[in-house]
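**Q** Residue numbers for the sequence shown follow UniProt numbering, so the first one is 1 and each next one is one higher.
One structure, pasted below without further comment.
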Amino acid sequence: MERVEWVEFVAGTVYYAALREVPRTNGDEIFFSVDRQLVYVNFYLDFGPLNLGQTFQFSQILNRELSKAKSMGKKIVFYSGVDGKRRTNAICLLCCWGILYNGMSATQAYASFNHMNLPTFHDATPTICLYKLTVLDCLKGLEKAVKCKFVAIETFNVEEYQHYEQVENGDLNWLSPKFIAFAGPHNEFKQTAEGYISLTPEHYIPYFKKHNVTLVVRLNEKMYDRKRFLNAGIDHLELFYPDGGNPPDDILLQFIEACEATPGAVAVHCKAGLGRTGTCIGAYIMKHYKLTAKECIGWLRLCRAGSVIGPQQQYMESIERRMWHAKRHLEDEIEECGHVVQVSPCKTKQKSPNNIFTTILQQVPAPKGNRAAMKLNLSYDFPTFQSEPSPKTQGDDLIELKHGRMKSPGKP
Numbered sequence: 001m002e003r004v005e006w007v008e009f010v011a012g013t014v015y016y017a018a019l020r021e022v023p024r025t026n027g028d029e030i031f032f033s034v035d036r037q038l039v040y041v042n043f044y045l046d047f048g049p050l051n052l053g054q055t056f057q058f059s060q061i062l063n064r065e066l067s068k069a070k071s072m073g074k075k076i077v078f079y080s081g082v083d084g085k086r087r088t089n090a091i092c093l094l095c096c097w098g099i100l101y102n103g104m105s106a107t108q109a110y111a112s113f114n115h116m117n118l119p120t121f122h123d124a125t126p127t128i129c130l131y132k133l134t135v136l137d138c139l140k141g142l143e144k145a146v147k148c149k150f151v152a153i154e155t156f157n158v159e160e161y162q163h164y165e166q167v168e169n170g171d172l173n174w175l176s177p178k179f180i181a182f183a184g185p186h187n188e189f190k191q192t193a194e195g196y197i198s199l200t201p202e203h204y205i206p207y208f209k210k211h212n213v214t215l216v217v218r219l220n221e222k223m224y225d226r227k228r229f230l231n232a233g234i235d236h237l238e239l240f241y242p243d244g245g246n247p248p249d250d251i252l253l254q255f256i257e258a259c260e261a262t263p264g265a266v267a268v269h270c271k272a273g274l275g276r277t278g279t280c281i282g283a284y285i286m287k288h289y290k291l292t293a294k295e296c297i298g299w300l301r302l303c304r305a306g307s308v309i310g311p312q313q314q315y316m317e318s319i320e321r322r323m324w325h326a327k328r329h330l331e332d333e334i335e336e337c338g339h340v341v342q343v344s345p346c347k348t349k350q351k352s353p354n355n356i357f358t359t360i361l362q363q364v365p366a367p368k369g370n371r372a373a374m375k376l377n378l379s380y381d382f383p384t385f386q387s388e389p390s391p392k393t394q395g396d397d398l399i400e401l402k403h404g405r406m407k408s409p410g411k412p
């Protein structure tokens, strides 16, 4: 067995190895790998990090193996292949476990791997990425998110996360207790023979009402009548700017002020719910929780793969200090980091204030993998609505790719 790398992660207990071949278990060590089980499904040249659902899946696997190893008096060796991308994703998973389950800081978790020259993560584009996002950046983002009570091991629901990230079930993710990012709805429900699906506002309204979403922000062209959210008692804000671009100052200011003013959670979308959506939400998070741009992008990509694209990465760097020093909203002056009572004051959230991924599968039956799970039986007609002309853009390409990637996982 050729060891390319062999690192002690938890003294005498947990090790990481990069191996060229599947190892044979010996008397002192238990080997396991998730290279084939947990796979990042790319848009273009992006290859990681693996998302929160996969991170918690990995943690469950490692915890089981660790329990078994301790009972047998053995060591755990988590291994991956030697490819740089596989190593990067594997090390990121292991360090995330260290933060979530072993009380490590991001710096402590990554200390054993500082000597390695790992590839930096690539954004969801087919071109060269000049922005360098490292494993440590993602780990620091997770560490801050835990401190801000964006996520907690006691309440994270893997099944729910995996259900709602599917295109047919909403293509939505919580990024903080305040924000949902989701793909833009359309005026009519469509499902093509190839499996491409477009949802309507009515597919989202029950979920939004249940989770106290009081504002929807649209950043792309009009693809549905906003009155459909308004008539359901959910405010709606139009803040269009071009796909793939950065928000003009006036639009970013309107976005932040509207989100600060609304009493509940905010659901934000563009076309794919990745670039413009991640950028605007990221700005708010930097302002209110003082994450760096890299920490913020790392956290957003752990939550929702592909978030923040191309020049939006450098843009977030450019506004970092401006967001940190921006005047705080009046209500925030008495708000501690992670306070979510005013964010999601529904009964479920009041009982578990740290919970952003609540166990709603037990409350609202939604069969896993069932494409009809969120489909409504709409027996009435909507007013005639003409979508705005929109040439095919980056968002359309990402939506098509996401449909394909959900159907056939690729290889890292």
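No residue lacks a Cβ here, since even glycine has one placed at the ideal position from N, Cα and C.
Name the DSSP beta bridge partners of Q191, please?
**A** I197
**Q** Between D243 and D46, what straight-line distance do the alpha-carbon atoms span, to the nearest angstrom?
**A** 19 angstroms
**Q** With 16 other CB atoms within 10 Å as the buried threshold, where does W6 fall?
**A** Exposed, because fewer than 16 other Cβ atoms sit within 10 Å of the Cβ of W6.
**Q** Reducing DSSP to helix, strand and coil, say where Y79 ends up.
**A** strand
**Q** Quick one: measure Cβ to Cβ for A18 and S80, integer angstroms, because I've assumed they're closer than 8 angstroms.
**A** 6 angstroms
**Q** Is V77 buried or exposed, if buried means 16 or more other CB atoms sit within 10 Å of its CB?
**A** buried
**Q** Comparing alpha-carbon positions, which option in M223, R228, R218 lies nearest residue 447?
**A** Not covered by the structure: residue 447. The range shown for the chain is 1 to 412.
**Q** Please name the residue or residues paired with F31 in a DSSP beta bridge.
**A** V77
**Q** What span of residues does the beta strand (DSSP E) with A18 cover, start to end?
**A** 14-19
**Q** Where does R226 sit, in a helix, a strand or coil, going by DSSP?
**A** DSSP places R226 outside both helix and strand once states are collapsed to three, so it counts as coil.
**Q** Taking the alpha carbon of K144 as the reference point, which residue from G170, S176, V158, I399 has its own alpha carbon closest?
**A** Among G170, S176, V158, I399, the Cα nearest to that of K144 belongs to S176.
**Q** Measure how close the beta-carbons of R20 and V82 come, nearest whole angstrom, since I'm counting them as under 8 angstroms.
**A** 6 angstroms
**Q** If I follow the unbroken alpha helix (DSSP H) through A265, where does it start and stop?
**A** Note, A265: premise wrong, no alpha helix (DSSP H); beta strand (DSSP E) at 265-269.
**Q** Return the CA-CA distance between Q394 and I285, expressed in angstroms with no decimal places.
**A** 24 angstroms
**Q** If you draw a straight line from the C-alpha of Y224 to the C-alpha of L302, how long is it?
**A** 29 angstroms
**Q** Please report how far the alpha carbon of V343 lies from the alpha carbon of K392, in whole angstroms.
**A** Here V343 scores only 30 on pLDDT, less than 50, and its place in the model should not be relied on; the value that follows carries that caveat. Distance between the alpha carbons of V343 and K392: 36 angstroms.
**Q** Only counting the same chain, and skipping five residues up and downstream in sequence, which positions put a Cβ closer than 6 angstroms to that of E400?
**A** none
**Q** Would you grab the beta carbon distance between L300 and G282 for me? Rounded to a whole angstrom, and I think it's under 8 angstroms.
**A** 6 angstroms
**Q** Strictly by DSSP, which residues pair up with L172?
**A** F182
**Q** With distance defined between alpha-carbon atoms, name the residue in E320, I309, T134 nearest to T127.
**A** I309
**Q** Compare the beta carbon distance of N89 and Y40 with 9 angstroms and say whether it is the shorter of the two.
**A** A distance below 9 angstroms separates the beta carbons of N89 and Y40.
**Q** Taking a contact to mean a Cβ-Cβ separation below 9 angstroms, would you say C296 touches L239 in this structure?
**A** no
**Q** Determine the burial state of S105: buried for a count of at least 16 other Cβ atoms within 10 Å of its Cβ, exposed for fewer.
**A** exposed
**Q** Give the straight-line distance between the Cα atoms of F113 and G84, rounded to the nearest whole angstrom.
**A** 13 angstroms
**Q** Inspect the beta-carbon positions of C96 and T155 and report whether they are closer than 9 angstroms.
**A** no
**Q** Could you check which residue in G306, R304, Y289, G298 has the C-alpha nearest to that of M323?
**A** Y289
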